[in-house]
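Heads up: the sequence shown begins at 1 in the working numbering, then just goes up one per residue.
Ideal placement from N, C-alpha and C gives every residue a C-beta, glycine not left out.
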Amino acid sequence: ASLDRWDAYTAAKVEMFRATDTAQAPWTVVKSNDKRRARLEAMRSLLWRIDYASKDESAVGCPDPLIVGTADTLLEAGEDPAVLSPTPLADLTGGPGHHPAPPPGPPQNRTPTERRPEPD
């Protein structure tokens, strides 16, 4: 019965992103077809963006952009990126998941919407 509702679900999902996803507050979408990898990449994405004492960037690594990203970068087959949002979702030249990179500086000097710079 749930397959009968797939089109309605997809339309509702697209409408939600259109209404709430903005460059200032982009959604972070985690594809969860593989639950274990989804959980690991969600944690990696969060750890990658936050500065903290004794951070080992080589251990954290970069999030997999095929699993974690903005709404428009993780579309399913048949979903049209042009209908997701009437405003730019994020700077597509940014880091993993195409989120915009913040200016350099310690995290306490950043606004809540700023993120760490992308590693080289």
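Looking at A71, L40, S54, the one whose alpha-carbon comes closest to that of C62 is L40. No residue range can be given for T28, since it is assigned to no alpha helix (DSSP H) and is classified by DSSP as neither H nor E. Residue nearest to L47 within the set R36, A59, A38, R37 is A59 (criterion: CA-CA distance). Buried is the label assigned to S45, since at least 16 other Cβ atoms lie within 10 Å of its Cβ.
Contact check for V30 and A42: beta-carbon distance about 5 Å, within the 8 Å limit, so the pair qualifies. Taking 8 Å as the cut-off, the Cβ atoms of T73 and W27 do not count as close. Rounded to whole angstroms, the Cβ separation of I67 and R37 is 6 Å, and the two are in contact under 8 Å.
Note on geometry: alpha-carbon atoms of A12 and P65 lie some 24 Å from one another.
Classified as exposed, D56 has fewer than 16 neighbouring CB atoms from the shown chains inside 10 Å of its CB. With a 10 Å radius around the Cβ and a threshold of 16 neighbouring Cβ atoms, D21 comes out buried. Here the alpha carbon of M16 sits roughly 19 Å from the alpha carbon of S2.
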